[in-house]
Amino acid sequence: MKAGRSKKGANSRDRILQAALQEFAHKGIDGARVDEIARVSGANKNMIYHYFRSKENLFVAVLESVYENVRSRQQDLSLRDLDPVAAMRRLIEHTADIWIEVPEFNRLLASENLHQAKHVRRSKKIQSMYSPLIDTLKGILERGVKDGVFRDGVDPVDLYISVTSLSAHYVAHHFTFDAIFKTNLMSPKKIAQRKSTISAMILRYLQP
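Add 81 to the 1-based position in the sequence shown for our numbering, that's all there is to it.
So, in structure tokens, the structure goes:
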């Protein structure tokens, strides 16, 4: 009986997080309404406040959930099994895929940056998630230097920011770019072109 209640509680919490993800992604933390999250999730407001205490805590939980989803995808890449160039290319292309396939991530971060990352700073969980990725990237760079295919002295954090920025900016601004250049940047052809461009830019930058 206790296990059944625990599973039901976990399902309720997940439904609340999913509803909150959409509400926060479309309206930001300032515009989001707990009433709407309750309506969409099928939970009452008392249940939401029981689990999360406040709208800000719920926003932090949503951020943690999305970051965890992103990191779990990156952990499945088996980058250590590839040669340095192939590993770097896979990381670059997969990073682009994440921004394209999880558009809510971009919107949440846009809202969070308006608040100067105060909710991310509150979450030790989020801050700890990226240490393994940076360690992996550092290892790829070191193997590349040893094999003579990458130059020495590249900062792995700076490199990851560059890789992420080249994808995130593309996705975040594709509506305005589409309107200005009369194109469709989310078409399979344009996405493949963008991934190829980013890979070429980064790999050229890493050459010795």
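Note that the Cβ used here is the ideal one computed from N, Cα and C, for glycine as well.
Residue j beta carbon less than 9 Å from that of residue i
{"i": "ARG275", "j": "LEU287", "result": "no"}
{"i": "VAL238", "j": "ILE221", "result": "no"}
{"i": "ARG171", "j": "LEU163", "result": "yes"}
{"i": "PHE105", "j": "ARG188", "result": "yes"}
{"i": "ILE242", "j": "ILE181", "result": "no"}
{"i": "PRO289", "j": "ARG224", "result": "no"}
{"i": "SER75", "j": "THR176", "result": "Lying outside 82 to 289, the shown extent of the chain, residue 75 is not represented and no answer is given."}
{"i": "GLU193", "j": "VAL183", "result": "no"}
{"i": "VAL147", "j": "LEU102", "result": "yes"}
{"i": "LEU135", "j": "GLN99", "result": "Looking at the sequence provided, one finds Ser at residue 135 rather than Leu. In this structure, GLN99 does not lie closer than 9 Å to SER135 by Cβ."}
{"i": "GLU149", "j": "ILE110", "result": "no"}
{"i": "ILE207", "j": "ILE283", "result": "no"}
{"i": "VAL115", "j": "TYR130", "result": "yes"}
Residue i versus the options, residue with shortest Cα-Cα distance
{"i": "LEU190", "options": "GLU223, HIS107, LYS219 and SER209", "result": "HIS107"}
{"i": "GLU145", "options": "GLY112, GLY123, LEU163 and GLU185", "result": "GLU185"}
{"i": "SER280", "options": "TYR130, ALA167, ALA101 and ALA142", "result": "ALA167"}
{"i": "ILE97", "options": "GLY112, ILE110 and PHE133", "result": "PHE133"}
{"i": "SER277", "options": "THR264, HIS255 and VAL244", "result": "VAL244"}
{"i": "TYR251", "options": "LEU218, ILE179 and GLY229", "result": "ILE179"}
{"i": "ARG152", "options": "PRO213, MET169 and ASP228", "result": "PRO213"}
{"i": "VAL230", "options": "ASP95, MET169, GLY112 and LYS263", "result": "MET169"}
Local conformation of residue i per DSSP, three classes
{"i": "GLY123", "result": "coil"}
{"i": "VAL115", "result": "helix"}
{"i": "PHE256", "result": "helix"}
{"i": "ASN376", "result": "Any answer about residue 376 is impossible in this case: the structure gives the chain only from 82 up to 289."}
{"i": "ASP233", "result": "coil"}
{"i": "PRO213", "result": "helix"}
{"i": "GLN103", "result": "helix"}
{"i": "GLN274", "result": "helix"}
{"i": "ASP95", "result": "helix"}
Supposed contact pair residue j and residue i - C-beta distance, whole angstroms, cut 8 Å
{"i": "MET128", "j": "SER159", "result": "With 8 Å as the limit, MET128 and SER159 do not qualify as a contact, their Cβ atoms being about 40 Å apart."}
{"i": "VAL141", "j": "SER209", "result": "About 14 Å; that fails the 8 Å criterion."}
{"i": "ASP233", "j": "VAL226", "result": "5 Å"}
Report task. Identify every run of the alpha helix (DSSP H) within the segment 180 to 208, keeping only runs that are complete inside it and at least 4 residues long; order them along the chain. Result -> 184 to 195 and 199 to 203
Query raised in the report: In chain order, which continuous runs of the beta strand (DSSP E) of length 3 or greater are located wholly inside the segment 124 to 185?
Result: none
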